[in-house]
Structures are given as C-alpha cells and as structure tokens.
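Comments concern the structure below.
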Amino acid sequence: MDEDAGSMERIFNNGAGAIVTKSIGLKPRDGYPNPTIIELEHGILNAVGLPNPGIENFKDEILTLKKSNIPIIGSIFGSDSKEFVTLAKKMQNYGVNALELNMSCPHAKGYGLEIGCDPDLVKEITSQVKKSTKIPIFVKISPNLSNIIDIAKSAKEGNADGIVAINTVKAMKINLELKIPVLSNKIGGYSGNAIKPIGIRCVYEIKENIDIQIIGVGGITTGNDVIEYFMAGASAVQIGSGIYYRGVDVFKKIKNEIISWMKSHNIDNISELIGVAHK
Amino acid sequence: MNNPKVIEILETITETTDVKTIKFDFEGDIIPGQFFMIWIPNIDEIPMSVSYIDKKVKGITFKIVGNATKELFNLKVGDKIGIRGPYGNGFSIIGNNILCVAGGTGIAMIAPSVESAKKRNINTTVLLGVKNKNELFFENRIKKTGANLFVSTDDGSYGYKGFVTSLAKDIILNNKFDQILTCGPELMMKKLLEISNNISFQASLERYMKCGFGLCGQCCIGKGLRVCKEGPVFDETTLKKTEDFGVYKRDASGTKIKF
Chain D
5 MDEDAGSMER IFNNGAGAIV TKSIGLKPRD GYPNPTIIEL EHGILNAVGL
55 PNPGIENFKD EILTLKKSNI PIIGSIFGSD SKEFVTLAKK MQNYGVNALE
105 LNMSCPHAKG YGLEIGCDPD LVKEITSQVK KSTKIPIFVK ISPNLSNIID
155 IAKSAKEGNA DGIVAINTVK AMKINLELKI PVLSNKIGGY SGNAIKPIGI
205 RCVYEIKENI DIQIIGVGGI TTGNDVIEYF MAGASAVQIG SGIYYRGVDV
255 FKKIKNEIIS WMKSHNIDNI SELIGVAHK
Chain B
37 MNNPKVIEIL ETITETTDVK TIKFDFEGDI IPGQFFMIWI PNIDEIPMSV
87 SYIDKKVKGI TFKIVGNATK ELFNLKVGDK IGIRGPYGNG FSIIGNNILC
137 VAGGTGIAMI APSVESAKKR NINTTVLLGV KNKNELFFEN RIKKTGANLF
187 VSTDDGSYGY KGFVTSLAKD IILNNKFDQI LTCGPELMMK KLLEISNNIS
237 FQASLERYMK CGFGLCGQCC IGKGLRVCKE GPVFDETTLK KTEDFGVYKR
287 DASGTKIKF
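As they're listed, the protein sequences go chains D and B. Sequential numbering from 5 applies to the first sequence in our numbering. Sequential numbering from 37 applies to the second sequence in our numbering.
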C-alpha cells in the first residue's frame, strides 16, 4: 500500500514512522500482466514488474502527503546514474525527506538487481546521486548475491547514508495441474515470514564488515522480529507483507510489542539493542 | 491460501452475443457482491464478481471488454482456469423494501443479490439498464424470483427509453425504499447516489487489481480504502467523502484516468 497519497496516509496513521514510496521511474510503467502476486505456504511471491505512474505524475501524491507532514522516503529506480540523478533531484524538489535507491528488484529487466549486482555501478550511481542532492540516501540491496558485502561496501564508498537490506528473494511457484509457473513473469521475489532468517543474516554480515546505518527488512510481522533485526545491527526497519498478515494496523501492534518486550527486559532505550548480537 | 486453484469449466451459457456465463464446482458460502480472481492461463488474471452462488456450483458472467475476457469467452467445457477467492465484503441488505439498480454487466452481480433478497421475503424492485435490447440478459432469471422488474434501454428498443437513472428517479419518488443496491458504470452509480434521497445506499466499485487480498494497494480509493478488501461494496457515507468516486480510476501504472 504505497501507491497513492491516501494509502500512504492511512499507513502513517496506523503507526508507521515514515513511508517508503513505491519505486518510481522516469515514465509510467504498467508492470507485468497478472498473476503478479500470490500467497504461498510461508510467504508472498510477487513479480509486479516495477509498475508506477512515472516521476511527473507522482508529484501530486508527494505534495498531498507533504500537507500532512508525513516523513517520506522516495524510492526510485533507473537504468543508469543519469536516470537515478534525474529522479533523485525531482523527488528532492517534491519535498521527500530521504531517498531510497532501488538496486535490488529481482524481476525487472535492465533495472534493480541487474544494476545492483555490479559493485562499480552501485558506487557510481550512489556517488552521483549523493553529489547532486542534499538529503540522506539509502541503497536497497538484494539477498540474491554472493558478494553482498562488496555491494554494501560500494554503496558506502559512494557515500550512501545507509543500506536497506534486504529486497525479496528470487523464487518460483509452479502449478501442478497446468504444469506452468503461476506468475506471468515466471520468476518472482519472495517476501514474508520465510525470508526473515535471510534478512537477519544479511544485516548481521553487513554490520560485521561495514560501519554504516542499516535499515532491516524482510519477514517482519512482530515486535520480536524487529528486536532480532536490531540485535543483528539494524537501526530502523521496513514492513510490507506484514500488512497482509496482521492488518493495516500492524505498525501499532508491533510498536506495542516492542515496548512490552523492552519493559520486561529492562531496556530503556531501544538503541541499546543495535548490534548486540555481535559482541 | 491466496494461490489459484485450478478447476475445469462445468458449463458455459451464451447470454448475448458478447456476454457469457461460466460455471464450475466450488464449495462454500458466498455473499452476493463478492468476487473471484479468475486466472486465464498464459493470458491474465482478472477480478470478476460472482453471478451464481449455489452451494456447490458457482458462476461468473462477463462481457468481452479486452484480451482476457475474449480468451475466457472462447473457453469450452472441460477447459481449465484458476480461481482464488471469494474476496471483498459483498452487499449487506438492510430493511424490507429494497431497490436494485444494475447497468450493463452490473446485472451479473445484481442477479444473485435479488435472488438472495427474495429468499428472505424482502420486497425487491429491480431496474436493469442496457444500451439496447440485444444487451439484456438475466431478465427471465430475475422475473422468476418474483421481484418487480423494470428495464430501460438507451435507444428505446425495449422497455423504458432513456437512462436507468431517469427511470430510477420516478420510482424512488413514488416508493418508500429502505435501501438502494447498485452495480454498473461508476457515473451511473454516482448519479444514482445524487438522486437517492438519503436512502441507505450501497454501490459496488470496480478497479484494476493485482493481489485481491489487500496487500499491494493497486485498487485503493480515497484515504487508502482497498476496493478488494474494504470493498468492493461501499455505503453512501464512504462514497460521499471519497473524492475518486465517479471522478477517476487508476490504470495498471497507477496513473489517474478520468471517467
């Protein structure tokens, strides 16, 4: 629910501290035909194909959101540093508070992971965007990499203010009766409960090797999940599929669960927990 | 599980030259107004309201409007499609005297609602609006329920000549309805809301959908109301404060498209 101002406002009113927009590109893009999103036993599988109304049409949504003073992280995707810079400048002009560079979408040709697997490209795009903007920049990276540390290092060398880990895990579902993959794009990205241990591991590895702020994401549905991400090294988290598992008020529920956990463990400040698993 | 279940088509009925009903085995209770996501393999997956809600057999009734419905139209008994759902809230009937207004393929969703109302001995008046008599379907099915039926055609080829909303205006003034249920073109439903005289009102909306289970946000209207989850049926209080209603919808990219 990150498509339009009304939805994002509803999410914010249900306890989210900030909103990450849908990833926006230069031009309107329909994405793939359905089926694009299905539920499996332990998670959600999607290949929507980066549908978005384009940066020009998205202006109205951001301006509407800004009226309610909602902190916005504008997510953008491009095929090279020039596209990323154009998008970043526009998002900054619209008034977003920070940027997320999507270099990890696992199912769109020429974008996302196809860029985010190349350490040199990640560094170049990050540094170009950083040079041409004044707001914090987070780079969202993929778990579908053998060199996740190299990629995170490249983002840091490009002066990223933080790493967002992880995007969805490449996956597939085949229907037995029809003997074909269910998603029209065949391959999709897996989110939800099943990928939480993968996210925890990635955050832990990044924290262990690189001194940078980390936003943890992947399979968070409870307060305990957030605390686990904090212990691995995250200092903020993102929630998506959790909206399906626990409702739009998942944010309020998780906050309350974190508070009770802190009380029962005599923790006054949640930042005490960041990275404790590394000791 | 929100993952399509593949079933074989049990029966197909040609309703008009471009409207067809497809029936299939599907156990479970369905509230009129709820919908399925119908997967036409290798083509698309689209939301479709349920037109037959018998205990064991369910049906969908649709018009050819694009590639997916064209492919679906050409499928035969024994062919396989994927089904997931039912999704959404459905109509919730209030009172003892209701008015059901359907425009075009909205008739598909109104028919089981009328049957369900009549089964509960609710006095039901039905208005079906179509462009011309060749586009009318389910007339006999609705007559059989014992509901008071009126038909309007834009060109006057059958029944009342003119828009169904003009017909509705007189009928609303001359009756004391407890509730209006409607499904059809959004501009028609918006007009109907304007002339509804503050009678309790429920309209079923249609939007481009992806997940159908409230996660992706593709179908949201107003302040984040998900047509697939909080809808597709919305009441007059919600509709009056939803600026999208009868004004714009969003295409697959999320771009606003004016009605």
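Backbone N, C-alpha and C fix where the C-beta goes; we use that ideal spot for every residue, glycine too. Remember, it's a predicted structure, so these values are computed and weren't measured experimentally.
Asked: Bridge partners - B/E47, DSSP secondary structure assignment; Found: B/K59
Asked: Beta-carbon spacing of D/A159, D/V133 below 7 Å; Found: no
Asked: As assigned by DSSP and simplified to three states, the class of B/L228; Found: helix
Asked: Contacts that D/L44 makes with chain B (C-beta to C-beta distance below 7 Å); Found: N39
Asked: Best match in B/V166, B/R156, B/G198 and B/N133 for proximity to B/N184 [C-alpha to C-alpha]; Found: B/N133
Asked: Bridge-paired residues (DSSP) for D/P185; Found: D/I178
Asked: Residues within the stretch 160-187 of chain D neighbouring chain B, beta-carbon criterion of under 9 Å; Found: K177, N179, L180, E181, L182, I184 and V186
Asked: Interface residues of the stretch 25-38 of chain D facing chain B [CB-CB below 8 Å]; Found: K26, P32, R33, D34, G35, P37 and N38
Asked: Whole-angstrom C-beta distance between D/N38 and B/D80, which should lie under 8 Å; Found: 5 Å
Asked: C-alpha gap between D/G251 and D/S195, whole angstroms; Found: 16 Å
Asked: Under the three-state DSSP convention, the category D/C121 falls into; Found: coil
Asked: Residues that DSSP places opposite B/F72 in a beta bridge; Found: B/M84
Asked: Inter-stretch contact (C-beta, 8 Å, three-pair minimum) for the stretch 231-246 of chain D and the stretch 202-210 of chain D; Found: yes
Asked: B/G139 - containing beta strand (DSSP E), residue span; Found: N133 to G139
Asked: Residue-level contact to chain D via CB, B/K259, 7 Å cutoff; Found: yes
Asked: Validate contact between the stretch 238-256 of chain B and the stretch 116-129 of chain B using beta carbons, cut 8 Å, 3 pairs; Found: yes
Asked: Segment contact flag, the stretch 90-108 of chain B with the stretch 47-57 of chain B, C-beta cutoff 8 Å, min 3 pairs; Found: yes
Asked: Within chain B, the residues that D/P55 reaches when beta carbons sit closer than 7 Å; Found: A288, S289 and G290
Asked: Beta carbon proximity, B/S42 to chain D, threshold 7 Å; Found: The displayed chain sequence assigns Val, not Ser, to residue 42 of chain B. It does: the Cβ of B/V42 has a partner Cβ on chain D nearer than 7 Å.
Asked: CB contact check: B/G102 to chain D, cutoff 7 Å; Found: no
Asked: Cα-Cα separation between D/Y98 and D/F88, rounded to whole angstroms; Found: 15 Å
Asked: Simplified DSSP state of B/T6, which is helix, strand or coil; Found: The structure shown does not extend to residue 6 of chain B, since chain B is modelled only from 37 to 295, so the question has no answer here.
Asked: Rounded straight-line distance, which links the Cα of D/D122 to that of B/K99; Found: 48 Å
Asked: is_contact[D/R14, chain B] using C-beta, thresh 7 Å; Found: yes
Asked: Proximity test, Cβ basis, 7 Å: B/K277 and chain D; Found: no
Asked: Rounded separation between B/A239 and B/I257 - CA only; Found: 14 Å
Asked: Counted within 10 angstroms of its Cβ, other Cβ atoms place B/F270 as buried (16 or more) or exposed; Found: buried
Asked: Assigned secondary structure, B/C219 (DSSP; H/G/I helix, E/B strand, else coil); Found: strand
Asked: Assigned secondary structure, B/K92 (DSSP; H/G/I helix, E/B strand, else coil); Found: coil
Asked: Cβ separation of D/I216 and D/S239, assumed to be a contact under 8 Å, to the nearest whole Å; Found: About 10 Å separates the two Cβ atoms, so there is no contact after all.
Asked: Contact set between D/D6 and chain B, taken where Cβ atoms lie within less than 8 Å; Found: G253
Asked: Within chain C, partners of D/G10 - CB distance below 8 Å; Found: Protein chains D and B are contained in the structure displayed, whereas chain C is not.
Asked: Contact with chain B by D/T226, beta-carbon distance below 7 Å; Found: no
Asked: 9 Å Cβ cut-off: residues of chain B touching D/N4; Found: Any property of residue 4 of chain D remains undetermined from this structure, which presents chain D solely from 5 to 283.
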